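Student: Structure incoming, see below.
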């Protein structure tokens, strides 16, 4: 098993002026190549600090990936620090120099002496061209250690990393399987599977975006050997958590729902209040959904619930906008409007204000219409505004997924 570290360089990251988003993206990419990321470090634009960080990480890891500090300004010191750490001189690369000069000429920019700093690389480094900026990446080696320097801007970093992954391939093969779960907590899942023997594999439980991902992986000489270690563990976990599983491997919940809609030639419409179009956005982000998605209504006010969906004023006065009765009339009105096979209506109190003892923040009603049948589910997510909206959206998708699977399984 190979071990890696991510060293993000930049004073703006330390002071909090810039959000460091690199760690999650790089870690996910490295996992696919059999690396375990042991460290995420953040370092000031100070040569002594950067070199000390490299020295520490080199004693722990097989691969160090740095981000940032490859620009032309005085505080862009990454190339100098890596060269210092490796005991190598910086040498000018003619190809990088021509690329830089051509770029400045094409933009009619003035090329100054400090820009040529970006054409210098540690001796014998492998250079990876950055097609989205002027800061080319590079990879250096020292004994069994690899150091990869990536640019700081996320768009450039992701592009260059994709181009560099072939340099990180290890001997042997990685095999992995994943389970996507919804409607349970990370600690609950851990308790359900903690007695399963996962030795010989790497087992990870990750929570994010309201979803739990369980990933089982192994690295071995062949795919068959890696698979033989992964599948028994994966199957044992799957049997324990089956009731919460909505997808296997890398598909999102929205992708699962859209695939099911297309497979069974079903149509869907949505009516949203507290989620404000979030459910429609999740569905329409998936290519090909136009064959299934009829349309949506964002009826935030009571007046629009009455005008667009036909919710009765009597129902709103007697039960309120956030009620099972209103959710039912919303989805009934939606079906009349769209004539879709499936309808989803969401109404709730996202917060932070608007809650009462009887109807607290996080209370959500989701109405579902499925081929002429109607039902309403009540939830209390008890989270902040963003997460209440997110959980309501995911829960609605899960309800649709479950109804389709129930009929066609």
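Numbering (our numbering), first residue to last: 30 to 438. Idealized CB from N, CA, C, for every residue including glycine. It should be emphasised that the depicted structure is a prediction, and the values quoted were computed from it without experimental measurement.
Can you name, in chain order, every residue of its own chain whose Cβ lies under 7 Å from the Cβ of residue 26, other than the five neighbours on each side?
Tutor: The structure shown does not extend to residue 26, since the chain spans only 30 to 438, so no value can be given for it.
Student: Between which two residues does the beta strand (DSSP E) carrying residue 243 extend?
Tutor: Position 214 of the chain shown holds residue 243. Start and end: 240-249.
Student: Rounded to the nearest angstrom, how far is the Cβ of residue 428 from that of residue 397, given a contact under 8 Å?
Tutor: Counting from 1 along the chain shown, the entry for residue 428 is found at position 399. Counting from 1 along the chain shown, the entry for residue 397 is found at position 368. Correct: roughly 5 Å between the Cβ atoms.
Student: Looking only at its chain, what residues have a beta carbon closer than 8 Å to the beta carbon of residue 430, apart from the 5 residues adjacent to it on each side?
Tutor: Within the chain shown, numbered from 1, the residue matching residue 430 stands at position 401. Taken in chain order, the residues that qualify are 275, 282, 285, 286, 289.
Student: Keeping to the same chain, check which residues put their C-beta closer than 6 Å to that of residue 101; ignore five residues upstream and five downstream.
Tutor: By 1-based counting over the chain shown, the position of residue 101 is 72. Taken in chain order, the residues that qualify are 143, 144, 146, 147.
Student: Considering only the alpha carbon of each residue, which of 272, 80, 245 lies closest to residue 260?
Tutor: Within the chain shown, residue 260 is the residue found at index 231, counting from 1. That would be 245, whose Cα lies nearest to the Cα of residue 260.
Student: Is residue 159 helix, strand or coil by DSSP?
Tutor: The sequence position of residue 159 within the chain shown is 130, counting from 1. In the structure shown, residue 159 sits in coil (DSSP, three-state: anything other than H, G, I, E or B).
Student: Count Cβ pairs between the region 254-269 and the region 178-195 that sit closer than 8 Å; are there 3 or more?
Tutor: For the pair of segments examined, the region 254-269 was found not to touch the region 178-195: the number of CB pairs separated by less than 8 Å stays below three.
Student: Which two residues bound the contiguous beta strand (DSSP E) that contains residue 95?
Tutor: Counted from its first residue, the chain shown places residue 95 at position 66. Unbroken beta strand (DSSP E) run through residue 95: 92-96.
Student: Tell me the residue span of the beta strand (DSSP E) that contains residue 231.
Tutor: Sequence index remark: in the chain shown, residue 231 carries index 202 (1-based). Looking at the DSSP string, the run of the beta strand (DSSP E) that includes residue 231 is 231-237.
Student: Closer than 6 Å by C-beta to residue 196: which residues in its own chain qualify, once you throw out the five before and the five after it? Chain order, please.
Tutor: Along the chain shown, read from residue 1 onward, the residue named residue 196 stands at position 167. Cβ within range, chain order: 168.
Student: Can at least three beta-carbon pairs, one atom from the region 382-395 and one from the region 332-346, be found at a separation below 8 Å?
Tutor: no
Student: Could you tell me which residues DSSP puts in a beta bridge with residue 298?
Tutor: Taking the chain shown and counting its residues from 1, the one referred to as residue 298 is at position 269. Note: residue 298 sits in a beta bridge opposite 324, 372.
Student: Can you name the start and end residues of the beta strand (DSSP E) that residue 405 belongs to?
Tutor: Here the question's residue 405 lines up with position 376 in the chain shown. Counting along the chain, the unbroken beta strand (DSSP E) around residue 405 starts and ends at 402-409.
Student: Could you spell out where the beta strand (DSSP E) holding residue 170 opens and where it closes?
Tutor: Within the chain shown, the letter at position 141 stands for residue 170. For residue 170, the enclosing beta strand (DSSP E) stretches over residues 166-171.
Student: What residue ranges within the region 107-139 form continuous alpha helix (DSSP H) runs of no fewer than 4 residues, ordered along the chain?
Tutor: 107-115, 123-136
Student: Specify whether the region 127-138 and the region 216-226 touch according to this definition: at least 3 beta carbon pairs, one from each stretch, less than 8 Å apart.
Tutor: no
Student: What would DSSP say about residue 188, mapped onto helix, strand or coil?
Tutor: If you number the chain shown from 1, residue 188 lands on position 159. In this structure, residue 188 counts as helix in the three-state DSSP scheme.
Student: For the alpha helix (DSSP H) holding residue 99, just list the boundary residues, first then last.
Tutor: Along the chain shown, read from residue 1 onward, the residue named residue 99 stands at position 70. It is not in any alpha helix (DSSP H) - residue 99 carries neither H nor E in the DSSP assignment.
Student: Would you tell me roughly how many angstroms separate the C-alpha atoms of residue 303 and residue 313, rounded to the nearest one?
Tutor: Position 274 of the chain shown, counted from the first residue, corresponds to residue 303. Position 284 of the chain shown, counted from the first residue, corresponds to residue 313. Using only the alpha carbons, I get a separation of about 18 Å.
Student: Run the CB neighbour count on residue 107, radius 10 Å, all protein chains shown included, and call it buried at 16 or more, exposed below.
Tutor: For the purposes of this step, residue 107 is taken as residue 78 along the chain shown, with counting starting at 1. So residue 107 counts as buried.
Student: According to the neighbour-count rule (16 or more other Cβ atoms, all chains shown, within 10 Å of its Cβ), is residue 209 buried or exposed?
Tutor: Position 180 of the chain shown, counting from 1, holds the residue named residue 209. Result: buried.
Student: Cutting at 6 Å between CB atoms, please list the residues of its own chain near residue 229, excluding the five before and the five after it.
Tutor: Residue numbering aside, residue 229 sits at position 200 when the chain shown is read from its first letter. The residues are 258.
Student: So residue 325 packs on residue 301, CB below 8 Å; how close in whole Å?
Tutor: On the chain shown, position 296 is the one that residue 325 refers to. On the chain shown, position 272 is the one that residue 301 refers to. Correct: roughly 7 Å between the Cβ atoms.
Student: What did DSSP end up calling residue 388 once you bin it into helix, strand or coil?
Tutor: If you number the chain shown from 1, residue 388 lands on position 359. In this structure, residue 388 counts as coil in the three-state DSSP scheme.
Student: Spell out the partners DSSP gives residue 151 in its beta bridges.
Tutor: On the chain shown, position 122 is the one that residue 151 refers to. 119.
Student: Measure from the alpha carbon of residue 318 to the alpha carbon of each residue in 296, 306, 335, then state which is nearest.
Tutor: Taking the first residue of the chain shown as position 1, residue 318 is located at position 289. Nearest option by C-alpha distance: 296.
Student: Under DSSP, the alpha helix (DSSP H) around residue 217 begins and ends at which residues?
Tutor: As a working note, residue 217 is residue 188 in the chain shown. Its alpha helix (DSSP H) spans residues 215-222.
Student: Is the distance from the Cβ of residue 307 to the Cβ of residue 407 below 7 Å?
Tutor: Counting from one through the chain shown, the residue named residue 307 turns up at place 278. Counting from one through the chain shown, the residue named residue 407 turns up at place 378. Contact flag unset, no.
Student: Can you give the Cα-Cα distance for residue 194 and residue 47, rounded to whole angstroms?
Tutor: Within the chain shown, the letter at position 165 stands for residue 194. Within the chain shown, the letter at position 18 stands for residue 47. Straight-line Cα distance between these residues: approximately 26 Å.
Student: Per DSSP, what are the beta-bridge partners of residue 178 in this structure?
Tutor: Numbered from its first residue, the chain shown carries residue 178 at position 149. Paired residues: 95, 167.
Student: According to DSSP, which residues form a beta bridge with residue 264?
Tutor: Position 235 of the chain shown, counted from the first residue, corresponds to residue 264. Paired residue(s): none; residue 264 is not in a bridge.
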